[in-house]
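Novice: Position one of the sequence shown corresponds to residue 146 (the working numbering), numbered consecutively onward.
Every residue gets a Cβ at the ideal spot worked out from N, C-alpha and C, and that includes glycine.
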Amino acid sequence: MSLASQLNDKQLEAMKYTQGPLLVLAGAGSGKTSVITRKIAYLVKHCGIPAYRITAMTFTNKAAREMKERVTKLLSREEAKGLSVSTFHTFGLNLLRLELKHTSLKANFSILDADDCKRILMDLMHRDNLSGAESKELIAKAMKMISDWKNDLIAPEQAHTTCETPEDIQFAHLYQLYERNLRAYNAVDFDDLIVMPTRLLQENAEVRDKWQNRVRYLLVDEYQDTNTAQYILVKLLVGVMGQFTAVGDDDQSIYAWRGAKPENMALLKEDFPNLKVIKLEQNYRSTSRILKAANTVIGNNPHIFDKKLWSDKGHGEVIRVITCRNDDDESERVVKDLLTHKLMNGKSWKDYAILYRGNFQARILETQLRQMQIPYKLSGGQSFFARAEIKDIMSYLRLIINPEDDSAFLRIINTPKRAIGPVTLEKLGLFAQENHLSLLAAAGDQRLTMAIPKKATTQLAEFADFISNFTRNLLEDDEPVPIIRQMMLEAGYIDYIKEQAATPAQEKTKLDNIEVLYSSIQSLINRAEDVDEKNIESVIRKMVLLDMLEQQQEEEDTDKVNLLTLHASKGLEFPYVYLIGLEEELLP
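1. Going by beta carbon distance, what residues of the same chain come within less than 8 Å of lysine 406, once the five residues before and after it are set aside?
2. Apart from the five residues just before and just after isoleucine 546, which ones in its own chain have a Cβ nearer than 6 Å to its Cβ?
3. In angstroms with no decimal places, state the Cα-to-Cα distance between aspartate 473 and arginine 508.
4. Tell me the rounded alpha-carbon separation between isoleucine 612 and histidine 581.
5. Mind reading off the beta-carbon distance from isoleucine 265 to tyrosine 323? Whole number of angstroms is fine, and I expect it under 8 Å.
6. Have a look at phenylalanine 719 and leucine 345 and give me their C-alpha separation to the nearest angstrom.
7. What residues in its chain sit with their C-beta under 7 Å from that of alanine 609, if we drop five residues either side in the sequence?
8. Could you name each continuous alpha helix (DSSP H) segment of 4 residues or more that falls completely within the segment 389–417, going from the start of the chain to the end?
9. Which residue from Thr560, Arg532, Pro561, Leu709 puts its Cα closest to that of glutamine 651?
10. Taking its Cβ as the centre, do 16 or more other Cβ atoms sit within 10 Å of phenylalanine 530, making it buried, or is it exposed?
11. Considering serine 476, what are the terminal residues of the alpha helix (DSSP H) in which it resides?
12. Span of the alpha helix (DSSP H) holding methionine 633?
13. Does the distance from the CB of leucine 488 to the CB of proline 342 come in under 9 Å?
14. Given a cut-off of 9 Å on the beta-carbon distance, is the pair glutamine 347 and glycine 384 in contact?
15. Asparagine 419 to leucine 167, Cα distance in whole Å?
16. Looking at the strands, I want to know which residues DSSP matches up with isoleucine 256.
17. Classify isoleucine 185 as helix, strand or coil using the three-state DSSP reduction.
18. If I measure Cβ to Cβ from lysine 155 and keep anything under 7 Å in the same chain, skipping five residues before and after, which residues do I get?
19. Taking 9 Å as the threshold (C-beta atoms), are glutamate 462 and alanine 735 in contact?
20. In terms of residue numbering, what span does the beta strand (DSSP E) encompassing lysine 424 cover?
21. Could you say if the segment 504–519 and the segment 705–717 meet the contact criterion of at least three C-beta pairs nearer than 8 Å?
22. Could you tell me the alpha carbon to alpha carbon distance between arginine 361 and glutamate 224, rounded to whole angstroms?
23. Express the C-alpha separation of lysine 226 and leucine 363 in angstroms, rounding to a whole number.
24. Rounding to the nearest angstrom, what Cα-Cα distance links valine 722 and glutamine 369 in this structure?
25. Checking 9 Å against the spacing of the C-beta atoms, do lysine 157 and isoleucine 185 come in under that value?
26. Here's a check: name, in chain order, each residue in its chain whose Cβ is nearer than 6 Å to the Cβ of arginine 215, leaving out the five neighbours to either side.
27. Does the Cβ-Cβ distance between valine 352 and threonine 390 come in under 9 Å?
28. Tell me where the alpha helix (DSSP H) around alanine 171 begins and ends.
29. Please state the DSSP three-state secondary structure of lysine 522.
30. Kindly indicate the opening and closing residues of the beta strand (DSSP E) around leucine 724.
31. If I measure Cβ to Cβ from leucine 413 and keep anything under 6 Å in the same chain, skipping five residues before and after, which residues do I get?
32. Taking the alpha helix (DSSP H) that cysteine 240 belongs to, which residues open and close that run?
33. Within the same chain, show all residues whose beta-carbon is closer than 6 Å to that of glutamate 699, passing over the 5 residues directly before and after it, in chain order.
34. Three-state secondary structure (DSSP) at valine 706?
35. Per DSSP, alanine 734 forms a beta bridge with which residues?
36. Do you know how far the Cα of tryptophan 294 is from the Cα of alanine 300?
In structure tokens:
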């Protein structure tokens, strides 16, 4: 297949342009993924750039997977060898792994999830006698502010200069304590996977030169969703050569609440004066009637770049506006209308989507759908990695690859029960602090008998020995999955699952989930391209990152009505769509 086939003139121009920095202003449904994937193939086939010198970055695992799958259909296996297509955070993790000697981290560092980070902040507030340690709302606010500081590359010691309120000052103090704890745990949080590589490239000329030589051409998707740290990371990777293509659309910026700055697109023009802008304005997804309505709605928005989407798919069906008395009336009418349309037109349930601003709007819809016995699936269901049995086993593994991971220790020390109470754990924590030890090291320390009764120290020492024995086995063996399986059996965890399950069905579900986890670990080992990625430390870090980047994908071939937030629907297509809750102060 010719790379130019089925591309319009603007898409073709974007694919072939390699004379300097390029911004592709890609409206919704304008075929940007085709442009990015074909450009990668074009760079390899026609520009002589080896795939291992090309890096493409996006924001979700799903987008990265789709991009890589499309590219591999355009290139031979040999041509595609070494191509890097990943999320920003996966790229950051790989950079940290490869440049570890230039960082403060040790090889077995952990990636902490949001729950771990909340626990650390709560513990710090307790220890420092700060008010609000039990307030989930205040902890969430502190986490958000620390995340914002990190994404703006504001170091802990600089944070106080940005404070405007006494609460801000408290959060700045927490930020310093939080960072010290992360380093003591030999751990990073999600933001660090961008911030630490960016700082490393800023401060270390040797590493910066190495990566600028390594990345000969960079492609970035969804550029309007980059934050300050990600923008600086891109600048540092491309250097003065500016060999990159950024694809974005300021009208599709939906992540301002987590630090995204669509104005980064305007900064490109300042930082790269020779930037070329190509607009993709032909929409392949919607009819002209829908586009006209969309253009009218966003017509008064502030625009960084002007563009007007158009379509040659005809006028399409009339957009109907239904006025309802309240939420209940709205849900009932939408579900009845959907059912009538399906029966009269012989469509599948999966052809329909109901979109809304927030998940809270789905509750009444679910009630109506269940009453009418209509199958549906809800976006944003529980992540596979958020299930208790998966978090438990992952915590065992995290503690094995990083004995300083106190958060993992606290989760599993009594899972299953080991008769180690809160008073004992408090004394263990004090002993660890006074002696500058991790909780696991403290649990195996012979001096502990002076601080804690003998029965409790025996239990703690046995746990420390158990972890130590399996650490040796796991880190030395090329086949870790059978050892992990054996470890969970000997820990009594499988029996614990059977005892805790309320019903035989729940027991089966949990045991099946554990088998899926084992299979996922084996699959990551099998798919690893180099020896360093096959070790258990690398595999566990990847799995923790997967948990953060994506929720478990429901099977796509199920015939169910799709209930989605507007955020979750981005980039998806459905023949028939209901948009509910168009009310003042809710949407738009």
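Specialist: Taking the geometry as given:
1. Thr371, Asn372, Thr373, Tyr376
2. Asn253, Glu682, Ile685
3. 10 Å
4. 20 Å
5. 6 Å
6. 44 Å
7. Leu585, Ala588, Gly589
8. 409–416
9. Arg532
10. buried
11. 472–490
12. 625–635
13. no
14. no
15. 9 Å
16. Val333
17. helix
18. Ile423, Lys424, Leu425
19. No answer is possible for residue 735: the residues shown for the chain start at 146 and end at 733.
20. 421–425
21. yes
22. 16 Å
23. 16 Å
24. 25 Å
25. Looking at the sequence shown, residue 157 is not lysine but leucine. Their beta carbons are not under 9 Å apart, which means leucine 157 does not touch isoleucine 185 by this criterion.
26. Thr182
27. no
28. Element bounds for alanine 171: not the alpha helix (DSSP H) but the beta strand (DSSP E), 167–171.
29. strand
30. 721–724
31. Leu168, Leu420
32. According to the sequence provided, residue 240 is leucine. The question's cysteine does not apply to it. Leucine 240 -> alpha helix (DSSP H) spans 233–243.
33. Its pLDDT being 44, under 50, glutamate 699 is placed unreliably in this model, and the coordinates cannot settle the point.
34. strand
35. Given that the chain is displayed from residue 146 to residue 733, the structure contains no residue 734 and the question cannot be resolved.
36. 7 Å
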